[in-house]
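Input: a single structure, listed below in structure tokens.
The following block contains the structure:
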């Protein structure tokens, strides 16, 4: 292999690895706080990318109707008990976030000229549509069984994943989409031409990782999430609401997922079901970190990125096989290093 | 008499209907039934794995694929090397080859993931399922995405099973054999060990069950069922391609198990039936309704699954059972069964358990400091002390759950440190738990029978084919004897979870006795007991002492302890502050000070 090709592969690996790192961090976070293995993470990637593509095509994204539908469901689930308990104020709050917001967004989308908006505004709108589905999903799917065994939560995750993939097909059709790059600039580094999109991805990922770090270290909500991750009961006794922690976590996960989708849409064609394979690579990375360590997960993501990039050069047909079988030696290594008798719930 | 139907009658009626089905059903319906049978076989494995064992796999479709592709490759390839070619001569040989290959893969995957927390197995199987799917699709020699054609039909006793109606009987014979053997397995010594996996691992290990082995066993069985289903599928379809072995189908199998009723063998059949028929119907109706083509049934399945897990985690089978009033017979206890052999009891006064200068530090905290004690055959020793004195830590050192920082614990002259719970149980130490650990949905009888696990040796295969009945009768008789002995006879067949807390503690003692121990470790046995129950417990322990058993009790109830035990060891701040006869202890100034505070 010639040196420039190797450099190009490394660069490709870093680009993808940065995305996997973001997803892996979100997966570790969700698991730590809620014990949910968040399989539907990948659907947020696809929804984010394809919603942006629809906006750029000048169509009101069909995902908006899912947001409205979920909003109605949450309003019913949370509003009825609030009303029964004689707390109309709470009902207003619930309806504000879950009905007024989606409908307001719908109104906004129907008046602005979607196609001619600046790219960043389109991205913001795509995120505004997709990200709130995270907390809504937590409320409807996970909160009723928040204390169930991990296994049940996992099966529910898989069910939610399948539902979202099916809906993805309904919303976006079977056609794949690719969005225009955020930057057409090319950085010339001698033997290596670094496209602007790569720089954007790496920069955004790094910024987000730093921002998350700051959030967890410096803010009260971040600390509340860390406390919940360390000791659920203890955090609850200190007045941290588990459902708030869950919704906040899912908000972050949905945000990371949708943003990853927006970032990769210019470098790969995204189909309604692409997200799963991408998120699964984030999973391999998270498992390298034992679903518990953020730095190890991020390192794992870079490793997965490189492995994928080089195996697509040497044995492109077996790229996925190679990446997913990586999990076997990782599990072996984890298995040899772990010594514990498990008492499951 | 009971107005409910006998289980045999219901099963018989079901079998008769099934046997007659091809005679009056359309070929299309028979094909559907064939698929239901094939799917039920896979989801049966998942019932065992997920519903009973609390593990799960999303990669079962890949095992089905392994079975299908093994036979497809071996029976259709013309260019096989000589040492392999002979296997392709008969589908029955390729079935064996497939099962063997599956077993190897499952053992490998299992040994990698089963030692880790429960969620690594599903994640591992997910990745492996995807890898295998891509491998089937990209490998030229396996036909790529277009697959392999020209697979021969199976022949049995000279009959070529080349139509749906003919292979129907083979598929359902396989399924019924799988259901019945699974049912048999669950109702056995090994089965109790498997059923203890979900929620009772620490307890089961203390009773001598090798729980890692039990996990591996059910993972292996589930994989083999899937493989056999794949073999049948390949010879029914006569061609294979990768599509039916993808991850989505793997997930669908799990849905079948969960929706049908993940804890019940027949739930697999119900789930496979419901999902297959529903899928058929939804695939017809949804594209028309939504105006486009696609796999929209997954939306419905996914939502259904979420609702089932939120609202009715037991699935459909328990609901269905309520509709058909089938009688549930209590387990029969064979009075004439031969008693189990007993270990040679130690002589009275022989030293059984000895702690020598045991110190256990947790960082800077010294939980046990220089603790020594002895328990002899035929005596009851009480370990008492105020809260936080280090009794539980000491109990953990004695029972081998924890290892002392220094000093040693000798049981029957052998060091306990470094041995796992199973070995210690085998040596004759049996224990109860401070926080009761039993399997609430199993009957009292079965819970107690777990205690006798090490006194039987019949394995999985003999259990599945009912070759274990003589031993099983002896185990159950022993369990029943111990239950009668502790005075829980009237609750023999009740669910253990329905007992009051005090009775559950007594149940734990019966379970411990079932192991035929020479040392009994009781962690607060009298907590939650009423006065009469305490008296009965005291009488029982005295009787056991008379039989030469050594007993160590950690207890708070002074009345109970002082009237019962031979000697008392008192702990405070991790140290022994007094040791002696109950009367002496009651007058000991150090003890009085520890319990009542000093006199200023």
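Protein chains in written order, with this note's numbering: chain Y, 1099 to 1443; chain A, 256 to 855.
Yeah, the Cβ is synthetic: ideal placement off N, Cα and C, and Gly gets one too.
ask   = Below 8 Å, can you find three or more Cβ-Cβ pairs linking the segment 1127-1135 of chain Y to the segment 1250-1258 of chain Y?
value = yes
request  = Compare the C-beta of residue 1264 of chain Y with all C-beta atoms of chain A and state if any pair is closer than 8 Å.
outcome  = yes
ask   = In the segment 499-513 of chain A, which residues sit with their C-beta less than 8 Å from some C-beta in chain Y, listed in chain order?
value = 503, 506, 509, 510 and 513
query = Apart from the five residues just before and just after residue 1442 of chain Y, which ones in its own chain have a Cβ nearer than 6 Å to its Cβ?
reply = Because the pLDDT of residue 1442 of chain Y is 42, which lies under 50, any placement of that residue in the model is unreliable, and the number read from its coordinates should be weighed accordingly. So the list is empty, once near-sequence residues are dropped.
ask   = For the alpha helix (DSSP H) that contains residue 1253 of chain Y, what are its first and last residues?
value = 1248-1270
Chain A contact residues for residue 1135 of chain Y, given Cβ-Cβ distances below 9 Å = 374, 377 and 378
Beta-bridge pairing of residue 806 of chain A - partner residues as DSSP gives them = A/635 and A/775
request  = Inspect the beta-carbon positions of residue 1350 of chain Y and residue 1124 of chain Y and report whether they are closer than 8 Å.
outcome  = yes
ask   = What residue range is occupied by the uninterrupted alpha helix (DSSP H) comprising residue 1235 of chain Y?
value = 1231-1235
message = Assuming residue 846 of chain A and residue 834 of chain A are in contact, meaning their beta carbons sit under 8 Å apart, how far apart are those beta carbons, in whole angstroms?
response = Not confirmed; about 10 Å, so no contact.
request  = Give, in chain order, every residue of the segment 682-711 of chain A whose Cβ lies closer than 8 Å to some Cβ of chain Y.
outcome  = none
query = Looking at chain A, which residues of the segment 1172-1196 of chain Y have a Cβ within less than 8 Å of any of its Cβ atoms?
reply = none
task = For residue 1387 of chain Y, I'd like the list of residues in its chain whose CB is within less than 6 Å of its CB, leaving aside the five on either flank, ordered along the chain.
result = 1394, 1395 and 1398
key: Chain-ordered chain Y contacts of residue 368 of chain A [CB-CB under 8 Å]   = 1429 and 1433
inquiry  = Determine, for residue 1423 of chain Y, whether the minimum Cβ-Cβ distance to residues of chain A falls below 8 Å.
reply    = yes
query = Between the beta-carbon of residue 826 of chain A and the beta-carbon of residue 644 of chain A, is there less than 8 Å?
reply = yes
message = Among the candidates A/717, A/443 and A/593, whose CA atom is the shortest distance from the CA of residue 697 of chain A?
response = A/443
request  = Name, going along the chain, the residues of the segment 1223-1246 of chain Y whose beta-carbon falls closer than 9 Å to a beta-carbon of chain A.
outcome  = 1238, 1239, 1242, 1243 and 1246
task = At 3 residues or longer, and completely inside the segment 300-366 of chain A: list those beta strand (DSSP E) runs for me, N to C.
result = none
key: Pick from A/346, A/292, A/714 and A/381 that is closest to residue 428 of chain A, judged by C-alpha positions   = A/292
request  = Rank A/726, A/750 and A/709 by C-alpha distance to the C-alpha of residue 768 of chain A and give the top, closest one.
outcome  = A/709
request  = Give a yes or no on whether 8 Å exceeds the smallest Cβ distance from residue 1204 of chain Y to chain A.
outcome  = no
ask   = Using a Cβ-Cβ cut-off of 8 Å (strictly less than) and excluding sequence neighbours within five positions of residue 1431 of chain Y, which residues of its own chain qualify?
value = none
query = Is the CB of residue 1252 of chain Y under 8 Å away from at least one CB in chain A?
reply = yes
request  = Kindly indicate which residue of Y/1105, Y/1278 and Y/1294 has the alpha-carbon position closest to the one of residue 1284 of chain Y.
outcome  = Y/1294
ask   = Going by DSSP, what residues sit across from residue 617 of chain A in a beta bridge?
value = A/620
request  = Check the Cβ-Cβ distances between residue 225 of chain A and every residue of chain Y, and say whether any is below 8 Å.
outcome  = Since the first and last residues shown for chain A are 256 and 855, residue 225 of chain A lies out of range.
inquiry  = Please classify residue 268 of chain A as buried or exposed, where buried requires at least 16 other C-beta atoms within 10 Å of its C-beta.
reply    = exposed
key: Outcome for residue 761 of chain A when other beta-carbon atoms lying within 10 angstroms are tallied against a minimum of 16   = buried
query = Of all the residues that make up the segment 564-586 of chain A, which are near chain Y by a beta-carbon distance shorter than 9 Å?
reply = 564, 565, 566 and 568
query = Using Cβ-Cβ distances below 8 Å, what residues of the segment 1397-1410 of chain Y are close to chain A?
reply = none
query = On the three-state DSSP scale, how would you describe residue 662 of chain A?
reply = strand
request  = Please confirm whether residue 522 of chain A and residue 570 of chain A have their CB atoms less than 8 Å apart.
outcome  = yes
query = Which same chain residues, not among the five before or five after residue 466 of chain A, have their C-beta less than 8 Å away from its C-beta?
reply = 448, 451, 452, 456, 459 and 460
task = Taking residue 550 of chain A as the query, report the chain Y residues whose CB atoms sit under 9 Å from its CB, ordered along the chain.
result = 1263, 1264 and 1267
task = Since I believe residue 691 of chain A is in contact with residue 756 of chain A (beta carbons under 8 Å), could you give me their beta-carbon distance rounded to a whole number of angstroms?
result = 7 Å
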